[in-house]
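Just so we're aligned, residue 3 is where the sequence shown starts under the numbering used here, counting upward by one. Beta carbons: idealized from backbone N, C-alpha and C, even for Gly. Predicted, not measured: the structure shown is a model, and the values here were computed from it.
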Amino acid sequence: MAGMKDQMAMVMKLKKAQKELANELVEVEAGDGAVVLQFNGELKIVSVKLDAELIDLDNISELEGWIKAAVRDGLKEAQEVAAEKMKPLMGGLSALGL
Numbered sequence: 003m004a005g006m007k008d009q010m011a012m013v014m015k016l017k018k019a020q021k022e023l024a025n026e027l028v029e030v031e032a033g034d035g036a037v038v039l040q041f042n043g044e045l046k047i048v049s050v051k052l053d054a055e056l057i058d059l060d061n062i063s064e065l066e067g068w069i070k071a072a073v074r075d076g077l078k079e080a081q082e083v084a085a086e087k088m089k090p091l092m093g094g095l096s097a098l099g100l
């Protein structure tokens, strides 16, 4: 069984990885750049940009579809980034019995 020192070291590594995820950025676009979203590794939207020249206000449902697609794709990519970042730590957690 892992000792208290090992557990503390693992907790510190996890906290560091979580902080780093806040700085990992994923950018996705939809509608050929009409909608551009940035997500961080914590799955939070960091930035939203809309290009008014590419958006037809008479077709709001198209814009809604682009936003939906960008959110879906951005969350998926950010989850992949987070999973990759946390993967090395997961083995350590199971060794600690967590």
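Inset, instruction - Classify I121 as helix, strand or coil using the three-state DSSP reduction. - result: No answer is possible for residue 121: the residues shown for the chain start at 3 and end at 100.
Legend entry - Own chain, CB closer than 8 Å to L98, minus 5 neighbours either side, in chain order: At L98, the pLDDT of 49 sits below 50, so the modelled position is not reliable; the number obtained from the coordinates is stated separately. Closer than 8 Å at the Cβ level, and outside the excluded window around L98, lie A4, D8, Q9 and M12.
Legend entry - Reduced DSSP secondary structure (H/G/I, E/B, other) of L52: In the three-state DSSP reduction, L52 falls in the strand class (E or B).
Legend entry - Beta-carbon contacts of A71 that lie in its chain and below 6 Å, excluding the five residues immediately before and after: Scanning its chain for C-beta atoms nearer than 6 Å, with the 5 sequence neighbours on each side dropped, one finds around A71 the residues A32, in chain order.
Inset, instruction - Round the Cβ separation of E44 and L27 to the nearest angstrom and send it over; I've been treating them as touching at under 8 Å. - result: For E44 against L27, the beta-carbon gap comes to about 11 Å, at or over 8 Å, which does not count as contact.
Legend entry - Under 8 Å between C-beta atoms of F41 and G76: It is a contact, given that the beta carbons lie within the stated cut-off.
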